[in-house]
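Only one structure is covered here, and it is reproduced in the block below.
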Amino acid sequence: MLDLEADAVAASWTVVEDRLARWQAGFDDMFALVAGRFAQADSRRRARMYLLGLLSGAERKNSWTLAEQAGDLTPDGMQRLLNFYRWDAGAVRDDLRAYVLEHLADPSGVFVADETGFLKKGTRSAGVQRQYSGTAGRVENCQVGVFLTYVSSKGRALIDRELYLPASWAEDRERCAQAGIDVDGEAEVAFATKPVLARRMLERVLDAGVEVGWFTADEAYGDNPGLRAWLEQHSLDYVMATSCDQRFTTPKGPVRADELARRAPRKGWQRLSAGKGSKGHRLYDWLLLDPGTNTGGHLLLVRRSISKPTELAYYICHTRYPVPPAELVRVAGSRWGIEETFQFAKNETGLDHYQVRKYDAWYRHITLAMLAAAFLAVTTHTERVRDEKGAPTLNNN
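Taking our numbering, I'd label the letters of the sequence shown as residues 7 to 403.
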């Protein structure tokens with residue numbers, strides 16, 4: 007009996023060791039993709055240790071704790087990585103995007119734009135001011151980052167980021183200079199709305215030759231006619247939340263979304279799942295309307311709560327080809343997991359644990375935290391596929 011128990015323990019350890027070996031190899035492969043972006047040997051070593059620290063079990067992941075993880079007595083080395091070493095966070099971001107799409111892309115993938123807040127004290131960090139934070143659910147002193155996330159059946163990961171610079175900052179050149187924000191040089195930074203920032207990130211995706219199947223976002227983006235026009239000009243299909251007073255073109259003139267829903271026949275509603283949540287399928291009643299009567303304009307998708315029938319949400323849709331309502335519902339539902347993606351990156355890879363004030367340093371930390379989170383998303387997918395296939399362990403003859 008003791009021999010059987012010993013064999014079972016040994017087998018379990020073999021499985022654990024094999025899994026750790028695969029994770030280490032996966033990390034090495036991931037880091038090899040970006041290592042060349044760090045021309046100096048010390049910056050390359052620091053970047054590797056920084057990423058390993060972000061992936062560690064440390065409760066807080068700032069320069070002090072990451073330095074401790076690396077065996078340093080002070081945070082100076084990690085701070086040099088974020089503030090002084092010469093490396094291009096934009097190039098690392100491009101490598102990150104390619105890495106995610108190589109491992110997680112599928113034909114049904116959806117690109118999602120959304121924002122998250124980073125609560126801050128003081129007034130000197132780039133872009134900080136009292137502004138609405140979805141994270142806090144109220145106006146707080148914070149920075150706001152706009153992110154592009156890729157969502158597919160294989161997983162989801164943040165692939166791009168832009169720091170939102172409020173107009174009050176963009177107009178204050180002295181304050182910008184103190185925060186390392188270029189207001190006069192080749193990399194001039196000016197005020198841009200959040201929809202414009204989302205468009206910039208999508209432009210980078212297209213410039214990289216990536217096919218964008220679907221795009222979705224909340225009503226802050228869906229209500230923006232400039233973003234919608236740009237998406238349509240570039241033949242990008244979208245389903246975006248929109249306000250109840252959004253007007254749709256009809257043969258009789260513009261009509262509000264809520265009025266179109268009120269006029270719709272009762273028999274048009276369908277009960278469909280917007281995807282699985284923590285408690286199973288997220289079921290709602292849905293109604294798809296073509297206000298322009300097949301004139302090639304925008305479609306209106308309406309969501310109704312089953313438990314609260316008076317609770318409606320609206321989505322503006324545009325597609326190059328006819329698609330069934332269930333597909334539009336799936337795309338709309340792809341946005342709901344983004345808060346979990348933000349929370350995961352904040353909790354597990356220190357997305358919001360930084361203690362930097364400079365503009366470039368924000369991008370550097372955020373990019374490395376995103377890369378660490380992407381590694382976890384890719385590893386989760388590859389391990390799931392391996393388990394489903396019942397793959398043998400490395401030491402199994």
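Even glycine gets a Cβ: it sits at the ideal position worked out from N, Cα and C.
Environment of residue i [buried if 16+ CB atoms lie within 10 Å]
i	result
T347	buried
V98	buried
E177	exposed
L154	buried
A280	buried
V391	exposed
K67	buried
K273	exposed
Q184	exposed
Y360	buried
G42	exposed
T385	buried
T133	Correcting the residue identity first, residue 133 is Gly in this sequence and not Thr. With 16 or more Cβ atoms within 10 Å of its Cβ, G133 is classed as buried.
Y290	buried
H287	exposed
F197	exposed
G161	buried
D120	buried
A173	exposed
K258	exposed
A214	exposed
Y327	exposed
R50	buried
H240	exposed
K285	exposed
L278	buried
CB contact below 8 angstroms: residue i versus chain D
i	result
S139	No chain D appears in the structure shown, which is made up of a single protein chain.
Cβ neighbours of residue i in the same chain (closer than 8 angstroms, five flanking residues each side left out)
i	result
K127	N147
L26	none
C250	R262, A263, D264, L318, Y320
A338	T222, V245, A247, A280, L307, R309, Y321
P260	R253, F254
G32	F381, V384, T385, T388
L60	K67, L72, T355, G356, L374, A375, A378
A267	L293, L295, L306, V308, L318, Y320
Assumed close pair residue i, residue j - CB separation to whole angstroms, cut-off 8 angstroms
i	j	result
V118	S340	6 angstroms
A163	A378	Not confirmed; about 10 angstroms, so no contact.
T355	A375	5 angstroms
L87	R144	About 34 angstroms; that fails the 8 angstroms criterion.
F124	D358	5 angstroms
D101	L39	5 angstroms
Neighbourhood of residue i by C-beta distance below 6 angstroms, restricted to the same chain and skipping five residues each side
i	result
V329	none
M55	A76
T388	none
L305	D296, C323
G303	T255
T373	A95, V98, R99
S311	E317
L237	Y244
Proximal residues to residue i (C-beta, below 7 angstroms), its chain only, five neighbours per side dropped
i	result
E394	none
N402	Interpretation of N402 is limited by its pLDDT of 42, a score under 50 that renders its predicted location unreliable; the figure taken from the coordinates is listed afterwards. Taken in chain order, the list of residues that qualify is empty.
M7	The predicted model places M7 with a pLDDT of 48, which falls under 50 and marks its position as unreliable; any figure quoted below should be read in that light. Closer than 7 angstroms at the Cβ level, and outside the excluded window around M7, lies no residue.
W29	T385
Inter-stretch contact (C-beta, 8 angstroms, three-pair minimum) for the segment 154–173 and the segment 360–370: yes
Meets three-Cβ-pair contact criterion under 8 angstroms: the segment 229–248 and the segment 200–210: yes
Sufficient close CB pairs (3 or more, under 8 angstroms) joining the segment 21–33 to the segment 63–73: no
Runs of alpha helix (DSSP H) wholly within the segment 172–235 (minimum 4 residues, chain order): 173–176, 179–184, 200–213, 225–228
Segments assigned beta strand (DSSP E), at least 3 residues, entirely inside the segment 21–77: none
At least three beta-carbon pairs within less than 8 angstroms, the segment 78–98 to the segment 44–58: yes
Three or more C-beta pairs below 8 angstroms linking the segment 128–141 and the segment 103–118: no
Cβ contact (3+ pairs, closer than 8 angstroms) linking the segment 320–337 and the segment 358–367: no
Beta strand (DSSP E) segments (min. 3 residues) lying fully within the segment 239–309: 244–248, 253–256, 259–262, 276–283, 286–295
Inter-stretch contact at 8 angstroms, needing at least 3 Cβ pairs: the segment 136–146 / the segment 77–88: no
Entirely enclosed beta strand (DSSP E) segments - the segment 366–392, minimum 3 residues: none
Sequence ranges, beta strand (DSSP E) only - wholly within the segment 123–170, length at least 3: 135–139, 144–158, 161–169
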